[in-house]
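Undergrad:
Protein chains: 2
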Amino acid sequence: MKPALLAVDWGTSSLRGALLAADGVVMEERAFPRGILTVPPHGFADVFEQCFGDWRTANPGLLCLMSGMVGSRQGWQEAPYCPCPAGFADIAGQLSWIASGPGSEAGRIAIVPGLSCARKGLEADSALASLPDVMRGEETQVFGALQTLQLQDAQDVVMLLPGTHSKWVQVKDGGITSFTTFMTGECYALLRQHSILARTLPTGDSPFDEAVFVQGVQIAVRGTSLLQTAFSVRTLALFERLPAEALESYLSGLVIGEELRAQSLNANQRVVLIANTALTQRYQLALAQCGIACDSPGAQVTWTGLSAIAQTLCP
Amino acid sequence: MKPALLAVDWGTSSLRGALLAADGVVMEERAFPRGILTVPPHGFADVFEQCFGDWRTANPGLLCLMSGMVGSRQGWQEAPYCPCPAGFADIAGQLSWIASGPGSEAGRIAIVPGLSCARKGLEADSALASLPDVMRGEETQVFGALQTLQLQDAQDVVMLLPGTHSKWVQVKDGGITSFTTFMTGECYALLRQHSILARTLPTGDSPFDEAVFVQGVQIAVRGTSLLQTAFSVRTLALFERLPAEALESYLSGLVIGEELRAQSLNANQRVVLIANTALTQRYQLALAQCGIACDSPGAQVTWTGLSAIAQTLCP
Numbered sequence: 001m002k003p004a005l006l007a008v009d010w011g012t013s014s015l016r017g018a019l020l021a022a023d024g025v026v027m028e029e030r031a032f033p034r035g036i037l038t039v040p041p042h043g044f045a046d047v048f049e050q051c052f053g054d055w056r057t058a059n060p061g062l063l064c065l066m067s068g069m070v071g072s073r074q075g076w077q078e079a080p081y082c083p084c085p086a087g088f089a090d091i092a093g094q095l096s097w098i099a100s101g102p103g104s105e106a107g108r109i110a111i112v113p114g115l116s117c118a119r120k121g122l123e124a125d126s127a128l129a130s131l132p133d134v135m136r137g138e139e140t141q142v143f144g145a146l147q148t149l150q151l152q153d154a155q156d157v158v159m160l161l162p163g164t165h166s167k168w169v170q171v172k173d174g175g176i177t178s179f180t181t182f183m184t185g186e187c188y189a190l191l192r193q194h195s196i197l198a199r200t201l202p203t204g205d206s207p208f209d210e211a212v213f214v215q216g217v218q219i220a221v222r223g224t225s226l227l228q229t230a231f232s233v234r235t236l237a238l239f240e241r242l243p244a245e246a247l248e249s250y251l252s253g254l255v256i257g258e259e260l261r262a263q264s265l266n267a268n269q270r271v272v273l274i275a276n277t278a279l280t281q282r283y284q285l286a287l288a289q290c291g292i293a294c295d296s297p298g299a300q301v302t303w304t305g306l307s308a309i310a311q312t313l314c315p
Numbered sequence: 316m317k318p319a320l321l322a323v324d325w326g327t328s329s330l331r332g333a334l335l336a337a338d339g340v341v342m343e344e345r346a347f348p349r350g351i352l353t354v355p356p357h358g359f360a361d362v363f364e365q366c367f368g369d370w371r372t373a374n375p376g377l378l379c380l381m382s383g384m385v386g387s388r389q390g391w392q393e394a395p396y397c398p399c400p401a402g403f404a405d406i407a408g409q410l411s412w413i414a415s416g417p418g419s420e421a422g423r424i425a426i427v428p429g430l431s432c433a434r435k436g437l438e439a440d441s442a443l444a445s446l447p448d449v450m451r452g453e454e455t456q457v458f459g460a461l462q463t464l465q466l467q468d469a470q471d472v473v474m475l476l477p478g479t480h481s482k483w484v485q486v487k488d489g490g491i492t493s494f495t496t497f498m499t500g501e502c503y504a505l506l507r508q509h510s511i512l513a514r515t516l517p518t519g520d521s522p523f524d525e526a527v528f529v530q531g532v533q534i535a536v537r538g539t540s541l542l543q544t545a546f547s548v549r550t551l552a553l554f555e556r557l558p559a560e561a562l563e564s565y566l567s568g569l570v571i572g573e574e575l576r577a578q579s580l581n582a583n584q585r586v587v588l589i590a591n592t593a594l595t596q597r598y599q600l601a602l603a604q605c606g607i608a609c610d611s612p613g614a615q616v617t618w619t620g621l622s623a624i625a626q627t628l629c630p
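Protein chains in written order, with our numbering: chain A, 1 to 315; chain B, 316 to 630.
1. Taking Cβ-Cβ distances below 8 Å as the criterion, which residues of the stretch 444-474 of chain B are in contact with chain A?
2. Using the beta-carbon count (16 or more within 10 Å), is A:Ser161 buried or exposed?
3. Looking at A:Ala262: is its Cβ nearer than 7 Å to the Cβ of A:Leu5?
4. Which residues mark the beginning and the end of the beta strand (DSSP E) in which A:Glu248 is found?
5. Determine, using beta carbons only, whether B:Met498 comes closer than 7 Å to chain A.
6. Just how far apart, CA to CA, sit A:Ser206 and A:Phe213?
7. Look at the alpha carbon of B:Ala634 and the alpha carbon of B:Trp412, and state the distance between them as a whole number of angstroms.
8. Run through the stretch 329-406 of chain B for me and flag every whole beta strand (DSSP E) of 3 or more residues, listed as ranges in chain order.
9. Out of A:Ile176, A:Ser14, A:Ile292, A:Arg108, state which residue places its alpha-carbon closest to the alpha-carbon of A:Pro33.
10. Using alpha carbons as the reference points, say which of B:Met316, B:Pro318, B:Ala337 lies closest to B:Thr627.
11. So who's on the other strand from B:Asp324, going by DSSP bridges?
12. Mind pulling the chain B residues with CB within less than 8 Å of A:Phe231?
13. In chain B, which residues lie less than 9 Å from A:Cys187 when you measure between Cβ atoms?
14. Would you kindly work out how many angstroms separate the C-alpha atoms of B:Arg451 and A:Gly121, rounded to a whole number?
15. Between A:Thr235 and chain B, is any beta-carbon pair separated by less than 7 Å?
16. How many Å lie between B:Asp471 and B:Ser611 at the Cα?
17. Rounded to the nearest angstrom, what separates B:Gln389 and B:Ser567 at their Cα positions?
18. Rounded to whole angstroms, what's the CA-CA distance from B:Leu621 to A:Gln281? Just pull it up for me.
19. Taking only beta-carbon positions, decide if A:Gln269 is within less than 7 Å of chain B.
20. Where does the unbroken beta strand (DSSP E) through A:Phe143 begin, and where does it stop?
21. Give a yes or no on whether 7 Å exceeds the smallest Cβ distance from B:Glu393 to chain A.
22. Do B:Thr550 and A:Val134 have their beta-carbon atoms positioned less than 7 Å apart in this structure?
23. Need the endpoints of the beta strand (DSSP E) that B:Thr619 sits in, please.
24. State whether the stretch 531-541 of chain B contacts the stretch 107-116 of chain A, with contact taken as three or more CB pairs (one from each stretch) at a distance under 8 Å.
25. Do B:Ala460 and B:Ile589 come within 7 Å of each other at the CB atom, strictly closer than that value?
26. Using the beta-carbon count (16 or more within 10 Å), is A:Lys2 buried or exposed?
27. Using a beta-carbon distance below 7 Å, is B:Ala577 in contact with chain A?
28. Taking C-beta pairs closer than 9 Å, name the residues in chain B that A:Gly121 reaches, listed in chain order.
29. Going along chain B in order, which residues have a C-beta closer than 9 Å to the C-beta of A:Leu20?
30. Should B:Thr518 go down as buried or exposed, given a rule of 16 or more other Cβ atoms within 10 Å for buried?
31. I need the straight-line Cα distance from A:Cys314 to A:Ala92, nearest angstrom please.
32. For the stretch 488-522 of chain B, list the alpha helix (DSSP H) runs that are entirely contained and at least 4 residues long, ordered along the chain.
33. Would B:Phe554 pass as an interface residue toward chain A - the criterion being a Cβ-Cβ separation below 7 Å?
34. Take every Cβ of the stretch 493-510 of chain B, pair it with every Cβ of the stretch 174-192 of chain A, and state whether three or more of those distances are shorter than 8 Å.
35. With distances taken between CB atoms, is the gap from B:Cys397 to B:Cys432 smaller than 7 Å?
36. Using only alpha-carbon positions, find the residue among B:Leu542, B:Met342, B:Ser564 that is nearest to B:Ala552.
If you want it as structure tokens, here you go:
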């Protein structure tokens, strides 16, 4: 069987690629610690060739689609944002083609556009009447997940893509109407590594303590701000109310709980959770505290999304 | 005129001392970059002697009162917390005397206790049914401010002591009933220096932009969580909706606004603001956005508080 697509997920800190058959089946997969932050300006073609050149030599003329921060201003080539509301056809129709690719095969490598949206800010006459938000890569995962879960026509779905910058995505009638970014993973890392709490917490990773994590979530969703709840990590340690090895799980619960507190979800809301195994476990636990169950379409949604876009080009 | 008290404010990052007359008038003042984090274990007596030895030689038997983190487990000698509710007489009556001071003058150097309080946490049968909070140094400022403003008998006052760890203090009938810590200054510094926003903001300090700061406060008090609003620093820069030199003021407004959003204040609430000049300006602006005016008793409240405690010892 010959591959029909080289699918690439090129983010800030990692680079993954897969050879996909025409029906989307994964034939081969690779990952490299070559996120865009490790690539010098004008070095993207070289890194791409180092990582995937053999696949391209073995499959002349192979189509390549890439999603993620590779399309940002700091990436290979800026792929202009597609404004919301945006459906699958909108992003598939606005691919940013690399003019001169490795091997001089122009028109065979493209970057999927990210999305932008505008949320209400201050008064209509204010300079900040609207506040922009952006994503790159998550749009491909969302459309892949909708296909995997057969939800292309679902009326109202909330998709949650947790991580360094968590995205909460509103999907209506198969399109993305709006989304909101939360700096959850990043703020956890800042508090864990650089704040006064770092002096209280053990240096290495502690085993995950599910019960304490859930208590952290409960404190956060009943609280008003992480600025306040986070200090309890220090005081509970000071008064020896939590063992040192439980503090990391407690802080994780506080930060994820803060993200959930800020949502206006009702218990009947359908939430689709797109995350790796570790984050899926934590967010399922946290969402359950809010009475919300979720579907998890699995880790292959980026490949599914890129494969679906490829099929619009070569149906 | 002979001094009646050597008053010392020994915090995490700085050490200040003053010679006070019997009526509390400041005769001489000094500051050193010798916060407790710079002092090796068992090195406190030496640092104290280096900084204030000449004053003590010139005034044999001079009483010395200290407040701040010097009384913490990492300080000179642990001064046990005084639990809330706590009045002025409670802290004045629970001084922690240094047994063997420099110059062998036992019983002339004491540390003012910090305060602890317990806030409602989870269900009564939970291990986290109550959440502790702590302060060290702010209790002395609060009682100093009550005296300065002649509010010793005021029924209901909210005191705000902003900083690395802001304290919101509830005062009733001259005593501290409870308080809450917000990691405001620390989270600002984390986002400013260590987050992805640091790549967007100019490297050096920008001049304070009052209008943009106020917009940041407005966005935050209408928002739900700093985890979300903070990302707008990045997107507003990305779309060139705010100039680079305004982003620092905007972030400052977002973080201080988040602290105010989390309070349940009514517009008639009397707030006493105890801060340095720069923070006083920012918090007055931010509180005004919530319709709240505030009194500022000035920077000498620590000396006023320590002087009042000294007067209970030698009336």
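All C-beta atoms in this analysis are idealised placements derived from N, C-alpha and C, irrespective of residue type, glycine included.
TA: Taking the definition as stated:
1. Of all residues in the stretch 444-474 of chain B, only Leu446, Pro447, Asp448, Val449 come within less than 8 Å of chain A when Cβ atoms are compared, listed by chain position.
2. Residue 161 of chain A is actually Leu in this sequence, not Ser. Classification for A:Leu161: buried.
3. Taking 7 Å as the Cβ cut-off, A:Ala262 and A:Leu5 do not qualify as a contacting pair.
4. Not the beta strand (DSSP E): A:Glu248 falls in the alpha helix (DSSP H), residues 247-261.
5. yes
6. Looking at the two C-alpha atoms, the distance is approximately 12 Å.
7. Residue coverage of chain B in this structure runs from 316 to 630, which leaves residue 634 of chain B outside it and unanswerable.
8. If we require 3 residues or more, the beta strand (DSSP E) runs fully inside the stretch 329-406 of chain B come out as 330-335, 341-347, 379-382.
9. A:Ser14
10. B:Ala337
11. B:Arg331, B:Ser382
12. Asp448, His480, Thr496, Phe497, Met498
13. Cys502, Leu505, Leu506, Ser510, Leu541, Leu542, Ala545
14. The C-alpha of A:Gly121 is placed about 39 Å away from the C-alpha of B:Arg451.
15. True, the Cβ-Cβ gap to chain B drops below 7 Å.
16. Rounded to whole angstroms, B:Asp471 and B:Ser611 show a C-alpha spacing of 16 Å.
17. 30 Å
18. 52 Å
19. no
20. Premise fails: A:Phe143 lies in the alpha helix (DSSP H), 138-148, not in any beta strand (DSSP E).
21. no
22. yes
23. Premise fails: B:Thr619 lies in the alpha helix (DSSP H), 616-628, not in any beta strand (DSSP E).
24. The stretch 531-541 of chain B is not in contact with the stretch 107-116 of chain A.
25. Going by C-beta atoms, B:Ile589 is nearer than 7 Å to B:Ala460.
26. exposed
27. Interface residue, yes.
28. Gln530, Gln533, Ile534, Arg537, Ser547
29. What A:Leu20 touches in chain B: nothing, since even the nearest Cβ is about 31 Å away.
30. That one is exposed.
31. Annotation: A:Cys314 to A:Ala92 spans about 12 Å, alpha carbon to alpha carbon.
32. 499-509, 512-515
33. Taking Cβ atoms only, chain A reaches closer than 7 Å to B:Phe554, which makes this a yes.
34. yes
35. no
36. B:Ser564
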